[in-house]
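Chains as they are written, first to last, in full-length UniProt numbering: chain A, 1 to 316; chain B, 1 to 317. Presented below is the structure to which this report refers.
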Amino acid sequence: MAVAVVQRIRLSYSKYWYAYAMIAPVVIVLGVLVGYPLVRGIYLTLTNATSLNVGRQIGVNHIPDSFDFIGLDNYADVLWGPTAYDRFWSHFIWTVAWTAICVVLHYSIGLALALLLNRKMRGRGLYRLVLILPWAVPTFVTVFSWRLMLADGGAVNGLLGFLHLPEPGWLSDPLAQKAAAILVNTWVGVPFMMISLLGGLQSIPQELYEAAEMDGASPWQRFRYVTLPGLRTVSSTVVLLGVIWTFNQFAVIFLLFGSGAPDAQILVTWAYRLGFGQQPSDYAQSATYGILLLSILIVFTSFYRRWLARNEKANG
Amino acid sequence: MSTETAHQTEEPDQAGSPMTLTADRPAADAAPAKRPAKVRRRGQSSPLAAVLSHGALIAASLIALFPVLYIAYISLGPDDNDYLHPGKIFAKMTFANYGKVMGDTGFFTWFGNSAIVAGGTTVIGVLIAASTGYAVSRMRFPGYRQLMWVLLVTQMFPIAVLIVPMYYILSNLGLLDSYSGLIMVYSATTVPYCAWLLKGYFDTIPMEIDEAGRVDGLSPFGTFWRLILPLARPGLAVAAFYSFLTAWGEVAYASTFMLSSDKYTLAVGLSSFVSEHDHQWQLMAATSVLIAIPAAVVFYLVQRHLVTGLTAGAAKS
Chain A
1 MAVAVVQRIR LSYSKYWYAY AMIAPVVIVL GVLVGYPLVR GIYLTLTNAT
51 SLNVGRQIGV NHIPDSFDFI GLDNYADVLW GPTAYDRFWS HFIWTVAWTA
101 ICVVLHYSIG LALALLLNRK MRGRGLYRLV LILPWAVPTF VTVFSWRLML
151 ADGGAVNGLL GFLHLPEPGW LSDPLAQKAA AILVNTWVGV PFMMISLLGG
201 LQSIPQELYE AAEMDGASPW QRFRYVTLPG LRTVSSTVVL LGVIWTFNQF
251 AVIFLLFGSG APDAQILVTW AYRLGFGQQP SDYAQSATYG ILLLSILIVF
301 TSFYRRWLAR NEKANG
Chain B
1 MSTETAHQTE EPDQAGSPMT LTADRPAADA APAKRPAKVR RRGQSSPLAA
51 VLSHGALIAA SLIALFPVLY IAYISLGPDD NDYLHPGKIF AKMTFANYGK
101 VMGDTGFFTW FGNSAIVAGG TTVIGVLIAA STGYAVSRMR FPGYRQLMWV
151 LLVTQMFPIA VLIVPMYYIL SNLGLLDSYS GLIMVYSATT VPYCAWLLKG
201 YFDTIPMEID EAGRVDGLSP FGTFWRLILP LARPGLAVAA FYSFLTAWGE
251 VAYASTFMLS SDKYTLAVGL SSFVSEHDHQ WQLMAATSVL IAIPAAVVFY
301 LVQRHLVTGL TAGAAKS
């Protein structure tokens, strides 16, 4: 038995040696910098670690860990402890709404622009170059620029005032903060969607459109029965990535509001604040949020992929 | 084999002037011939549609450009509250802020640090992502499905939550405040997506090329290095673009792991202009423009490849 196992391992080793050598660097880097933190994070969620009782080095003295193992209390506290609504569920609802709104906007605006850019027209290359530009600007610069534009007396309210429209306090009023965050994130995220969908559009064979036209299909029917099915694989990938990235979008909200705006914080920035942005830092709670976030995304992805597979089957 | 190779390598370069993206080219498996006559007929049939789409694209372009132009404009105002009255800047435009940023701050140190870290991330990240992408594209080994799943799940990690444990790991390894530590962290965040992207791109390169390489006596590494990598330039360009941008503009990791001010990256140094008490917006605006310029250069270098590189695989798989 043991011999057979060794034999099998040796066989697979000689057969797959190249594959394993080629994936080794990634596996090692991810193992050290993602896998180990995950294991340690899960362990921390079962303790009451804060910055006061975690082992640290002060000068030459090493102070050992002094936190205790407390089981699943952190999860219970986050999910249904006192004020769980104010701390977790209100942010959870906003995070889900934020993700849904942003991804719908990214996808629909991206698709509309991709369709326009896919037409034969003068200046197409220039339009494309300009429209991808937001993707090339570092997020930090982007958000900083929007912060100046959204400030009281900034360009956005200047324009609204000129049009005799109300001028909300984008960076101070809770509802306007959320709108501002969505606005900025949409600006940041559309170019990626647009370019991906443009690539998808160009991979749809022209013959299909000609055949549809010969059969007397209206433009809407051509879009509905040729374009959308032709985009299905690209769409399913970019929507999945869009959801994952938006759900965990840290930079936009963190840089736009700093530590202010408690209402506009999504779960990721909230977790960061618990772990790094307050004194004393609550590492255990922060890690609990992290594990919960990861679980939400894994559950979502599993359902999403199952749903895609079922759709695939239904559509032949 | 030689015709295949020529076909693959030349295609991206043929795609017109540097101002255009390769999007004019249909994807490899799409119809080879375009039918300009037909499309023109459709375009002519509705001049209104052409006007409307130009209008929509111009409006979208203005929205895309405006924030960038706005910050460039603000950076020309000499006083720290000029951003409140943008109209007044016009009368007293000056490059003084740029002089101040480059002369009186650690700008060039920070710039150098950013260049080392972003360059290192790009080279190392793209290389290891490419070898992984090639392995999962061409080889079916035990653990293949798990690896693909891990690459996807890694995307889901709330970056902000990894910072605390990463801090301890780097501190234990003695890599805090070092370039290599930050490069490793950035690679860990960019490699999963790049490997996914490159797998998709490698999938579109015909297997026959690998087989021909084998017949000519190349090892799998040799095939990968000498035949496949040169053919995958559009995919590599996008991966490099993504890695560079991620590393160039990142703030949270850099400000947590780089402790001494001579190791700050540009983005971290920039944020030091705005503290609780002191808001030097005009200097920040100038530095923002200076940060955006290298990103724009990289963008311009790879933009021809963006459409093909990003979606060759996604459209096919």
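Beta carbons: idealized from backbone N, C-alpha and C, even for Gly. Just so it is clear, the structure is predicted and the values come from calculations on it, not from any experiment.
Which of the three DSSP states is assigned to residue i in this structure?
i              : result
F69(A)         : strand
N61(A)         : strand
T186(A)        : helix
P205(A)        : coil
D215(A)        : coil
E250(B)        : coil
I266(A)        : coil
M19(B)         : Bear in mind that the predicted position of M19(B) carries a pLDDT of just 42, short of 50, making it unreliable; the figure below should be weighed with that in mind. M19(B) falls in the coil class under three-state DSSP.
residue 330(A) : For residue 330(A) there is no data in the structure shown, the boundaries of chain A being 1 and 316.
E210(A)        : helix
H91(A)         : helix
H85(B)         : coil
W146(A)        : helix
F273(B)        : coil
E167(A)        : coil
G275(A)        : helix
K120(A)        : coil
L301(B)        : helix
F254(A)        : helix
M93(B)         : coil
Hey, how far is the Cα of residue i from the Cα of residue j?
i              : j       : result
S281(A)        : S51(A)  : 5 Å
V190(A)        : G110(A) : 5 Å
I293(B)        : L133(A) : 12 Å
V101(B)        : Q280(B) : 11 Å
P36(B)         : R232(A) : Caution is warranted here: a pLDDT of 48 is assigned to P36(B), below 50, making its placement in the model unreliable, and the coordinate value is therefore given only provisionally. Each residue's Cα considered, the two are about 26 Å apart.
residue 372(B) : F241(B) : The structure shown does not extend to residue 372(B), since chain B is modelled only from 1 to 317, so the question has no answer here.
G161(A)        : E167(A) : 6 Å
R310(A)        : T301(A) : 14 Å
N248(A)        : Y43(A)  : 22 Å
R305(A)        : F92(A)  : 22 Å
G106(B)        : G269(B) : 8 Å
A251(A)        : L131(A) : 21 Å
G119(B)        : Y179(B) : 11 Å
A76(A)         : D82(B)  : 50 Å
P25(A)         : I128(B) : 6 Å
L182(B)        : M156(B) : 20 Å
L116(A)        : A60(B)  : 11 Å
residue 362(B) : S260(B) : A query on residue 362(B) cannot be resolved here, the shown segment of chain B reaching from 1 to 317 and no further.
V243(A)        : T269(A) : 16 Å
L227(B)        : L113(A) : 36 Å
V78(A)         : R87(A)  : 8 Å
F202(B)        : R233(B) : 10 Å
F90(B)         : G77(B)  : 8 Å
I23(A)         : V123(B) : 16 Å
S196(A)        : A286(B) : 32 Å
R222(A)        : T83(A)  : 52 Å
K313(A)        : S236(A) : 15 Å
R25(B)         : L198(B) : A caution first: R25(B) carries a pLDDT of 43, below 50, which makes its placement in the model unreliable, though a value can still be read off. If I take the Cα positions, the gap works out to 20 Å.
V136(B)        : Y193(B) : 13 Å
I159(B)        : I298(A) : 15 Å
L33(A)         : T154(B) : 11 Å
F108(B)        : W98(A)  : 38 Å
V289(B)        : S75(B)  : 8 Å
Y209(A)        : A181(A) : 39 Å
Provide the residue(s) that pair with residue i in DSSP beta bridges, ordered along the chain.
i      : result
V47(A) : Reading off the sequence shown, one finds Thr at residue 47(A), where the question assumed Val. DSSP lists F69(A) as partners of T47(A).
Taking 8 Å as the cut-off, is the beta-carbon of residue i closer than that to any non-hydrogen atom of the ligand NAD?
i       : result
E210(A) : For the ligand NAD, the structure offers nothing, since it holds no ligand at all.
Considering only residues of the region 102–181 of chain B, which uninterrupted alpha helix (DSSP H) runs meet the minimum length of 4 residues and lie entirely inside it, listed in chain order?
107–138, 144–156 and 159–173
Stretch-stretch touch, CB-based, cutoff 8 Å, three pairs: the region 255–267 of chain A with the region 139–146 of chain A
yes
Contact between the region 35–55 of chain A and the region 65–80 of chain A is defined here as three or more beta-carbon pairs at a separation below 8 Å; is this criterion met?
yes
Is the number of C-beta pairs between the region 267–276 of chain A and the region 286–293 of chain A that are closer than 8 Å three or more?
yes
Quick one: which unbroken beta strand (DSSP E) runs of 3-plus residues sit fully inside the region 57–83 of chain B? Chain order, please.
If we require 3 residues or more, the region 57–83 of chain B turns out to have no beta strand (DSSP E) run fully inside it.
With contact counted as at least three CB pairs below 8 Å, one residue from each stretch, are the region 66–85 of chain B and the region 204–224 of chain B in contact?
Using a Cβ-Cβ distance cut-off of 8 Å, the region 66–85 of chain B and the region 204–224 of chain B are not in contact, since fewer than three pairs of beta carbons, one from each stretch, lie closer than that value.
Can you confirm whether the region 130–143 of chain B touches the region 16–32 of chain A when touching is taken to mean that 3 or more C-beta pairs between the two stretches lie within less than 8 Å?
yes
Inter-stretch contact (C-beta, 8 Å, three-pair minimum) for the region 188–208 of chain A and the region 94–109 of chain A:
yes
Mind pulling the alpha helix (DSSP H) runs of 4 or more residues that sit fully within the region 183–246 of chain B?
207–215
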